[in-house]
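In the numbering used here, the protein residues as written are -4 to 195. First comes the structure, then the notes that go with it.
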Ligand code: URA
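In structure tokens:
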């Protein structure tokens, strides 16, 4: 009689199946595909956006549209690959017209994100934009004031807010002190966290 080891992959598959079957909020009705998240389950760093956009809804994959391509490029610039980290969102189904998810939608969906965090057990949670940060802090916050700070969270984890890549696409300056410049400084720090906390 051997001991049955529960694998992280199986736990995550169970969460993903529940996301596929979920109809807890109105967003499920308009989706083509839910977007659970993807990446390494052993990563010390996870990225959390707001919710899927059009391209994500079509493909079922997070951050694959224009904002996602920018995020991928920024990761690569500091020597990280998408597969090294886990990438997900607060809500798993696309809000119509890419509007911000409502508090009710975040309340209905947020337990999936918390379950994913429980499985992966990352040290650092990078929140992309104000919506994701507000979800964790349970209050409205200014991303401009909070970005680049290390905010202690539950269980010794660190929240590390940075700009949402969509914001960087709307603010195209890249010179010193620009949003992009600050976001790249954040990304360098994220690489530092990754190296410091990676499980070997
Ligand atoms: N914006 C988000 O917040 N998440 C995605 O997956 C894509 C764009």
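Backbone N, C-alpha and C fix where the C-beta goes; we use that ideal spot for every residue, glycine too.
Here residue 16 carries a helix assignment [DSSP, helix/strand/coil].
Taking the Cα positions, residue 39 is about 19 Å away from residue 57.
According to the DSSP assignment, residue 115 belongs to the alpha helix (DSSP H) that extends over 98 to 115. For residue 166, the three-state secondary structure derived from DSSP is coil. Boundaries of the alpha helix (DSSP H) harbouring residue 67: 61 to 72, taken from the DSSP string. The shortest CA-to-CA distance from residue 2 to any of 37, 21, 18 and 13 is the one to 37. Secondary-structure assignment with DSSP links residue 123 through a beta bridge to 157. Counting only residues of its own chain and dropping the five nearest sequence neighbours on each side, residue 82 has a CB closer than 7 Å to the CB of 32, 33, 34, 42, 57 and 58.
The residue among 151, 97, 142 and 158 with its C-alpha nearest the C-alpha of residue 130 is 97. Judged by the Cβ position, residue 34 fails to qualify as a neighbour of the ligand URA at the 7 Å threshold, every heavy atom of the ligand being at least this far. DSSP places residue 185 within a helical segment (H, G or I) once states are collapsed to three. Sequence-distant partners of residue 176 (beyond 5 residues in either direction) whose C-beta falls short of 7 Å from its own C-beta, in its chain, are 169 and 170.
In this chain, residue 38 is not harboured by any alpha helix (DSSP H), its DSSP state being neither H nor E. Pairing residue 74 with residue 186 gives a Cβ-Cβ distance under 8 Å. In this structure residue 72 does not touch residue 141 by the C-beta definition: roughly 23 Å separates them, more than the 8 Å allowed.
Counting the other CB atoms within 10 Å of its CB gives residue 10 a total of 16 or more, which places it among the buried residues. If you look at residue 138, you'll find it in the alpha helix (DSSP H) that goes 138 to 141. At a cut-off of 7 Å, the beta-carbon of residue 80 does not count as near the ligand URA: no heavy atom of the ligand is closer than that. For residue 67 and residue 162, the gap between their C-alpha atoms comes out near 15 Å.
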